[in-house]
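Right, one structure below, let's go through it.
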């Protein structure tokens with residue numbers, strides 16, 4: 442047996458997703474004949490919209506399928522810019538828009554341009570788990586900003602001040618955020634952006650769930666400043682997860698640096714996905730997608746009181762996305778153990794808080810309502826029976 | 442005018458591709474009505490094979506287009522393993538195969554797992570330019586191994602010894618290599634792999650051009666050791682550049698680490714591209730692709746003597762891929778200036794050596810024979826006229 446050489450030291454800091462592990466175990470149980478209600482997956486259950494699939498079919502016959510320019514098809518960059526005008530009433534130069542392999546590619550490119558050794562990147566806790574890992578990859582230091590239910594799970598100026606240091610180069614926000622579905626309102630965001638930019642750091646705003654709002658109109662941080670980055674995606678609202686396509690909007694002065702990074706890291710985003718995404722902004726697609734947002738709202742309106750009725754405590758109801766973050770301490774003070782029991786003994790897959798950070802992680806779980814109302818009803822019934830038993 | 446915050450310090454080390462810049466300028470000249478012969482692009486001119494496009498069309502109707510598992514569709518990993526058996530007579534466990542967004546994604550994932558601050562990564566000079574930039578991204582240090590025409594543009598044991606230090610963690614080879622199209626023969630490779638592995642470092646072997654050989658049978662480094670990484674791609678031989686799909690083969694002990702990195706960086710490779718790639722191994726696809734290899738051989742057989750006849754000196758004829766690396770010192774001792782003149786005054790786009798390193802870069806240019814014989818003839822005629830004039 443030959444000795445394997447050691448891994449890079451960063452690998453000790455890069456953790457796997459528990460949600461993925463749970464999904465794999467759920468699939469194994471299903472293969473063994475069990476029926477599992479999936480409330481762990483952050484992927485909409487709706488298929489890619491018909492007009493988008495149709496556009497891909499047309500491109501398969503008509504379009505050149507070689508590399509596009511590194512920053513993306515000019516027509517798609519133009520269409521995204523148009524979308525900001527129509528949907529958000531915000532004028533954005535298409536030259537600032539860079540098409541990427543998913544929001545994953547966008548987040549990586551933005552951090553590659555901004556952060557390295559000695560730099561700190563503020564990330565909310567709880568928050569999207571990959572963000573910390575992108576920062577580790579680039580040998581910068583992720584600094585958690587613990588956020589509280591009392592503040593809608595979003596950071597306050599005081600919380601940013603409490604962890605601030607001159608080494609902070611980047612501050613990452615998301616609205617609605619994963620895992621709580623809660624918003625960062627315009628007033629508070631404006632205050633936070635000023636605070637960060639006055640100190641020479643950069644805001645990176647994740648807006649991938651921004652069009653999936655239940656009680657208010659979409660809003661983009663681009664209307665506040667042209668020094669911040671916005672990251673967005675065709676995955677969630679537009680139903681294109683497996684197509685690996687998203688985008689970023691860069692400050693004008695940093696587009697050239699982003700171009701250099703994306704041409705080296707990715708060469709370009711997938712060509713067929715770019716052609717397909719052109720159909721994501723068609724009126725008939727929008728009509729379809731808005732019906733889906735209504736369906737997600739209906740699921741939230743069912744699931745929220747149903748979970749509360751069986752003993753989960755939801756401190757802040759979600760205003761968007763498709764997640765409910767719930768206090769599960771009444772049932773178990775170890776959410777990882779609880780999720781194991783729920784999967785194996787109740788047949789319901791739920792993600793423990795530990796996937797999203799440290800703060801309150803042991804007493805919280807995330808429910809994703811990415812399955813039908815019927816299945817959600819079945820899931821709640823199983824949970825109720827099991828937890829009462 | 443607000444002050445922009447500074448870029449991460451790595452950005453001073455990440456250089457743009459000149460080939461991309463040249464392509465952009467060539468397109469601008471074309472838009473202005475000029476006719477340009479493209480010999481700068483490292484992308485085959487053949488379209489994606491029919492059976493692959495057909496498989497994509499079928500998947501558009503039939504398949505779930507959501508995320509696949511992070512390591513790829515099990516059927517595709519199995520098919521790639523089967524390909525190693527059939528084509529290379531080499532048995533590979535599908536569990537070691539990880540599907541990635543192009544060889545770019547594979548190279549990035551491998552280096553993320555292996556190299557960080559304080560680590561050195563040996564890269565050939567000349568060599569594939571993105572490799573150095575991947576290493577900079579991860580805050581490790583790329584150390585060039587100058588390679589010589591007299592050794593077939595591939596490193597020797599003595600050259601590796603000359604630059605070796607205990608900090609070397611990774612050694613990157615490619616066969617055939619870009620920009621020279623020359624091979625690392627089995628005997629020499631075996632010696633190099635032993636040398637590297639005896640010192641506790643890891644070989645990363647780029648085999649993306651390995652099936653495009655003109656004078657010998659394909660060979661995989663996997664048959665030499667199960668401690669090295671192989672990186673491969675559906676882009677070049679299989680004609681799927683814009684589909685952004687490739688793979689890596691990992692040492693068994695490091696598959697778990699690779700999985701953690703790819704699930705964070707990419708989530709997964711594009712789903713439709715994975716379904717399409719299943720058809721890349723069909724017998725009818727192979728028949729088509731082998732005809733293309735024959736066409737590339739025919740182009741080499743034309744272009745090599747034709748370039749020599751007009752005064753370029755080709756120290757080592759290419760044995761594979763679709764590049765000729767030629768000494769251009771007879772015409773200009775500044776290859777960047779020469780390429781500018783060739784583009785603007787002769788209407789022929791060629792890449793200067795500076796894209797691939799420092800060593801001999803000012804006196805070499807790369808010709809890509811990724812265009813038809815007729816266009817190559819036209820290109821050589823223009824070059825001959827211009828350079829004689």
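Protein chains in written order, with the working numbering: chain A, 442 to 830; chain B, 442 to 830.
Even for Gly, the Cβ is constructed at its ideal location relative to N, Cα and C.
Same chain only: Cβ atoms within 8 Å of residue i, ignoring 5 sequence neighbours per side
i: residue 547 of chain B; result: 539, 541, 672, 673, 674, 687, 688 and 689
i: residue 510 of chain B; result: 709
i: residue 470 of chain B; result: 477, 784, 785 and 788
i: residue 576 of chain A; result: 552, 556, 562, 564, 582 and 583
i: residue 638 of chain B; result: 644, 666, 668 and 669
i: residue 706 of chain B; result: 546, 549, 550 and 553
i: residue 821 of chain A; result: 744, 747, 748 and 751
i: residue 700 of chain B; result: 511, 512 and 539
i: residue 634 of chain A; result: 644, 662, 665, 666 and 669
i: residue 457 of chain A; result: none
Start and end residues, beta strand (DSSP E) containing residue i
i: residue 807 of chain A; result: 805 to 809
i: residue 565 of chain B; result: 561 to 566
i: residue 541 of chain A; result: 538 to 541
i: residue 582 of chain A; result: 582 to 587
i: residue 714 of chain A; result: Run containing residue 714 of chain A: none in the beta strand (DSSP E); it sits in the alpha helix (DSSP H), 712 to 718.
i: residue 673 of chain A; result: 670 to 674
CA nearest to the CA of residue i, picked from the options
i: residue 691 of chain A; options: A:522, A:788 and A:580; result: A:522
i: residue 698 of chain B; options: B:524, B:555, B:667 and B:830; result: B:555
i: residue 816 of chain A; options: A:481, A:622 and A:585; result: A:481
i: residue 655 of chain B; options: B:599, B:737 and B:724; result: B:737
i: residue 722 of chain A; options: A:491, A:463 and A:761; result: A:491
i: residue 620 of chain B; options: B:712, B:498, B:806 and B:626; result: B:806
i: residue 728 of chain A; options: A:607, A:751 and A:679; result: A:679
i: residue 667 of chain B; options: B:498, B:464 and B:645; result: B:645
i: residue 828 of chain A; options: A:796, A:808 and A:773; result: A:773
i: residue 683 of chain B; options: B:693, B:664, B:635 and B:484; result: B:484
i: residue 625 of chain A; options: A:550, A:650 and A:525; result: A:650
i: residue 489 of chain B; options: A:515, A:516, A:500 and A:746; result: A:500
i: residue 790 of chain B; options: B:559, B:558, B:534 and B:465; result: B:465
i: residue 462 of chain A; options: A:801, A:823, A:793 and A:825; result: A:793
i: residue 640 of chain A; options: A:569, A:608 and A:662; result: A:608
i: residue 453 of chain A; options: A:613, A:578, A:628 and A:460; result: A:578
For residue i, the three-state DSSP class (helix, strand or coil)
i: residue 699 of chain A; result: helix
i: residue 605 of chain B; result: coil
i: residue 442 of chain A; result: Unreliable positioning characterises residue 442 of chain A in this predicted model, as indicated by a pLDDT of 43, which lies under 50. The coordinate reading is nonetheless provided below. Residue 442 of chain A falls in the coil class under three-state DSSP.
i: residue 652 of chain A; result: coil
i: residue 765 of chain A; result: strand
i: residue 570 of chain A; result: helix
i: residue 694 of chain B; result: helix
i: residue 726 of chain A; result: helix
i: residue 743 of chain A; result: helix
i: residue 687 of chain B; result: strand
i: residue 535 of chain A; result: helix
i: residue 667 of chain A; result: coil
i: residue 512 of chain A; result: coil
i: residue 738 of chain A; result: helix
i: residue 647 of chain B; result: strand
i: residue 721 of chain B; result: helix
Residue i - containing alpha helix (DSSP H), residue span
i: residue 525 of chain A; result: 515 to 529
i: residue 503 of chain B; result: 491 to 503
i: residue 461 of chain B; result: 459 to 472
Same chain, Cβ closer than 6 Å to residue i, five either side skipped, listed in chain order
i: residue 733 of chain A; result: 487
i: residue 586 of chain A; result: 563, 565, 596, 600 and 604
Residues near residue i in its chain [Cβ-Cβ closer than 7 Å; skip 5 each side]
i: residue 740 of chain A; result: 810, 814 and 817
i: residue 632 of chain B; result: 598
i: residue 623 of chain B; result: 593, 594, 595, 617, 757, 759 and 760
i: residue 775 of chain B; result: 803
i: residue 442 of chain B; result: With a pLDDT of 43 at residue 442 of chain B, under the threshold of 50, the modelled position of that residue is not reliable, and no figure is offered here.
i: residue 769 of chain B; result: 753, 776, 779, 804, 805 and 806
Chain B contacts made by the segment 446 to 463 of chain A, where a contact means CB separation under 9 Å:
Result list: 446, 447, 448, 449, 450, 451, 452, 455, 456, 457, 458 and 461.
Using a Cβ-Cβ cutoff of 9 Å, what residues of the segment 513 to 547 of chain B are near chain A? List them in chain order.
542, 543, 545 and 546
Closer than 9 Å between beta carbons: that is the criterion. Which residues of the segment 686 to 708 of chain B meet it against chain A?
Residues of the segment 686 to 708 of chain B with a Cβ closer than 9 Å to any Cβ of chain A, in chain order: 686, 692, 693, 694, 695, 697, 698, 700, 701, 702, 704, 705, 706, 707 and 708.
Using a beta-carbon distance cut-off of less than 8 Å, what residues from the segment 470 to 499 of chain B approach chain A?
Answer set for the segment 470 to 499 of chain B: 484, 488, 489, 494, 497 and 498.
Output, in sequence order along the chain, the residues in the segment 612 to 645 of chain A whose CB is closer than 7 Å to any CB in chain B.
641, 642 and 643
Within 9 Å of chain A by C-beta, residues of the segment 774 to 799 of chain B in sequence order:
Answer set for the segment 774 to 799 of chain B: empty.
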